[in-house]
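Quick notes on the structure that follows.
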Amino acid sequence: MLFVNGRQHGAAVNIDAPRMGCLDAEQLAHGRLLGKRVERQWRARITHFQPAMLARLLRAIYLFQLICGALLGSTLAVRLTENGAGSAALLLVPLCSLGLPVLLQFLTIVTLMLRSRSGNAGALWWRALWGEFKAALLIFMLRQPWPHRQRGVQLPSAPSQRQLGQNALPVLLVHGYICNHRVWDDMALALRHAGHPVLRVDLEPLFTSIDNYTATLERSVTTLLDQTKSRQVVLVGHSMGGLAIRAWLRAHGPARVARILTLGTPHQGTRIAKASMTPNGAQMVWQSNWLQALADSEDPAKRALMHIAITAQDNVVYPQAEQVLPGAQVKHFQGIGHLQMCLDRAVIDWVCQQAATLNTPS
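Numbered per our numbering, the sequence shown spans residues 123 to 484.
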C-alpha cells in the first residue's frame, strides 16, 4: 500500500517476514523508484493543476457577490416590471450582478484612502485613489483568481534578451499579504525584457507567521541560483513580502544577496493591522515586538543591501513616512497607492534600474 501525502494509493501488499528474503536488492530498488515516481507525479498534479489557496478564496468571494448582485437585480426588475417598466428592467440583473463586486471594491479603496491620508486630500491623493481603485480591480478581480498553472524560473525569451541576460542577475519576486504571484505580471515582464531571469513565489498558507515563509524563500533562492548558474540574486518584496525577505535574511544570511528592494513594506508596522486576527497580520502591527526583534538582528552590512520604496499616498501601510530603516536607502514616490506600486511605470523602471546596476561585466 503506497501512501503519498497522507493518502492511500494502490492495493495493499502483505509480505510476511520470512518471505522478505525472496526480494532481491534490484526488486527493492525498483519498488522504491516506483514509489518516488508516483510521489513526484502526485506532487506535480497538486502544484500545476490545483488552484492556489488565495485564488480559490477570491473565486468563492466573487461568486457569492455575483449571486447576491443577481438576486438584488432580479428583485428590482420584478418590482419595476410590475409597475410597467417593461422588459428593459431585466437589464438590472446583469448590471447589479457585475456592479456589486465593483462597488464593494470601490468602497473598500475609498475607506482605506480616507483612513490613511495624512493632511488634506490634494490632487495627488485623488490621483492615487483612482489609480488604486483600478489596480485593485485588475489585481484582485482579473488576475489573482486565475493563477498561472505552470510556473518556474522565467528566462528572457528573445535572443537579444537572452544575450543581455548572460550578464543580468536573477530576480526573486515576493508578493505581500493576501496576494499571489500574479501581482507581479507587469514587473516580471519588464525585468525579463531587461534580460533578467525571474522567479515569482507564492507565500502559503495565507495566514501564518512570516517566519514560516523562510523555507519557501530558501527553496526559491536555491532553485533560481542553480538554474541560472549565478552566485547572487536580487530580491524584490511588496508589502509583507519585504518582511518575509528580511526574515529569510535573518535565517540564512546575506552571502547570496546582491540587493534587496522593498515596495510599500511596513518596516515599522502599519496602524491598519491593529485589529488583525491572523499571525502575520499581528506581526505587522505598528512597532510590534516581532518587528523590533527583526530590526535588532540586522547589522549595517545587511542594511546596506536594502533599498526601500515608499509612497506618501500608501493606503495600507501608514504612517507612510516612518517606513524606513537606518542604513537603508529610500526612494519616494508620489500619487500612487499601495497595490499600484506593483503596476506603476515609474516604480517598475526604478526596480529595473536598481537591478541593472548590479549586472556582472561581460
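Note that the Cβ used here is the ideal one computed from N, Cα and C, for glycine as well.
For clarity, every value in this text was computed on a predicted model and none was experimentally measured.
Residues bridged to L294 [DSSP beta-bridge criterion]: Taking the first residue of the sequence shown as position 1, residue 294 is located at position 172. L321 and L357.
Closer than 8 Å is the cut-off here; do at least three beta carbon pairs connect the stretch 196–210 with the stretch 231–251? Fewer than three beta-carbon pairs drawn from the stretch 196–210 and the stretch 231–251 are found closer than 8 Å, and the two stretches are therefore not classed as touching.
Residues of its chain near M428, where Cβ-Cβ distance is below 6 Å and the 5 sequence neighbours each way are ignored: The residue labelled residue 428 in the question sits at position 306 within the sequence shown. Cβ within range, chain order: I382 and A450.
Between R393 and R273, what straight-line distance do the alpha-carbon atoms span, to the nearest angstrom? In the sequence shown, the residue the question calls residue 393 occupies position 271. In the sequence shown, the residue the question calls residue 273 occupies position 151. Their backbone Cα atoms lie some 35 Å apart in a straight line.
Distance, G208 Cα to G386 Cα: In the sequence shown, the residue the question calls residue 386 occupies position 264. In the sequence shown, the residue the question calls residue 208 occupies position 86. Those two C-alpha atoms are separated by around 51 Å.
Rounded C-alpha distance that separates L461 from G206: Indexing the sequence shown from 1 puts residue 461 at position 339. Indexing the sequence shown from 1 puts residue 206 at position 84. Cα-Cα distance, rounded: 45 Å.
Taking the straight line between their C-alpha atoms, what separation do you get for Q405 and I470? Taking the first residue of the sequence shown as position 1, residue 405 is located at position 283. Taking the first residue of the sequence shown as position 1, residue 470 is located at position 348. Cα to Cα, the separation comes out at about 28 Å.
For A431, does the three-state DSSP call read helix, strand or coil? Residue mapping note: residue 431 aligns to position 309 of the sequence shown, counting from 1. Reduced to three states, the DSSP call for A431 is strand.
Whole-angstrom distance between W268 and L294, CA atom to CA atom: Position 172 of the sequence shown, counted from the first residue, corresponds to residue 294. Position 146 of the sequence shown, counted from the first residue, corresponds to residue 268. Taking the straight line joining both Cα atoms gives about 21 Å.
Cut-off 7 Å between Cβ atoms - residues of its own chain near T330, not counting five sequence neighbours on either side: Counting from one through the sequence shown, the residue named residue 330 turns up at place 208. Counting only Cβ-Cβ distances below 7 Å, and skipping sequence neighbours, we find P401 and N402.
Quick one: Cα of L447 to Cα of C190, how far? Here the question's residue 447 lines up with position 325 in the sequence shown. Here the question's residue 190 lines up with position 68 in the sequence shown. Each residue's Cα considered, the two are about 45 Å apart.
Assuming T345 and A369 form a contact by the criterion Cβ under 8 Å, report the distance between their Cβ atoms to the nearest whole angstrom. By 1-based counting over the sequence shown, the position of residue 345 is 223. By 1-based counting over the sequence shown, the position of residue 369 is 247. So it is not a contact: roughly 19 Å between Cβ atoms.
In terms of DSSP beta bridges, what is T344 paired with? Residue numbering aside, residue 344 sits at position 222 when the sequence shown is read from its first letter. In the DSSP output, where bridge partners are listed per residue, T344 has none listed.
Per-residue burial, H318 [other beta carbons within 10 Å of its own, 16 or more giving buried]: Numbered from 1 along the sequence shown, position 196 holds the residue referred to as residue 318. Buried, since its Cβ has 16 or more Cβ neighbours within 10 Å.
Can you tell me the Cβ-Cβ gap for L347 and V355, rounded? I've got them flagged as a contact below 8 Å. Position 225 of the sequence shown, counted from the first residue, corresponds to residue 347. Position 233 of the sequence shown, counted from the first residue, corresponds to residue 355. Approximately 6 Å separates the beta-carbon atoms of L347 and V355; this is inside 8 Å, confirming the contact.
D409 by DSSP, collapsed to three states: which one? Against the sequence shown, residue 409 aligns to sequence position 287. Residue identity check: residue 409 is Gln in the sequence provided, not Asp. Coil, per DSSP.
Excluding the five sequence neighbours on either side, which residues of its own chain have a C-beta within less than 8 Å of the C-beta of Q266, listed in chain order? Within the sequence shown, the letter at position 144 stands for residue 266. Answer for Q266: L176, A177, L180, C301, N302, R304 and V305, listed in chain order.
Mind pulling the beta strand (DSSP E) runs of 3 or more residues that sit fully within the stretch 416–466? 428–433 and 451–455
Examine the Cβ distances between the stretch 410–419 and the stretch 430–441 and report whether three or more of them are shorter than 8 Å. These segments do not touch.
R201 - partner residues in DSSP beta bridges: Walking along the sequence shown from the start, residue 201 turns up at place 79. Partner(s): none; R201 has no beta bridge.
Look at the alpha carbon of G391 and the alpha carbon of M362, and state the distance between them as a whole number of angstroms. Working through the sequence shown from its first residue, we reach residue 391 at position 269. Working through the sequence shown from its first residue, we reach residue 362 at position 240. If you draw a straight line from the Cα of G391 to the Cα of M362, it comes to about 10 Å.
Please state whether DSSP places V473 in a helix, a strand or coil. Locating residue 473 in the sequence shown gives position 351, counting from the first residue. Here V473 sits in helix by DSSP.
C-alpha distance - D102 paired with D421, whole-angstrom precision: There is no way to answer for residue 102, as the model of the chain reaches only from 123 to 484.
Could you tell me which residues DSSP puts in a beta bridge with R381? Position 259 of the sequence shown, counting from 1, holds the residue named residue 381. When DSSP reads this structure, R381 sits in a beta bridge with V356.
Assuming A431 and T384 make a contact with CB atoms under 8 Å, what is their CB distance in whole Å? The residue labelled residue 431 in the question sits at position 309 within the sequence shown. The residue labelled residue 384 in the question sits at position 262 within the sequence shown. A431 to T384, Cβ: 7 Å. Contact.
Return the residue from the list S352, T338 and K351 that minimises the CA-CA distance to H374. For the purposes of this step, residue 374 is taken as residue 252 along the sequence shown, with counting starting at 1. Nearest C-alpha to H374 among S352, T338 and K351: T338.
Using only CA atoms, which one of P292, K396 and G244 lies nearest to V473? In the sequence shown, counting from the first residue as 1, residue 473 sits at position 351. It is P292 whose Cα lies nearest to the Cα of V473.
Please report how far the alpha carbon of V407 lies from the alpha carbon of A397, in whole angstroms. Taking the sequence shown and counting its residues from 1, one reaches residue 407 at position 285. Taking the sequence shown and counting its residues from 1, one reaches residue 397 at position 275. If you take the alpha carbons of V407 and A397, they lie about 8 Å apart.
What is the rounded straight-line gap between the Cα of R372 and the Cα of G298? Stepping through the sequence shown from its first residue, residue 372 is reached at position 250. Stepping through the sequence shown from its first residue, residue 298 is reached at position 176. R372 and G298: Cα-Cα distance of roughly 18 Å.
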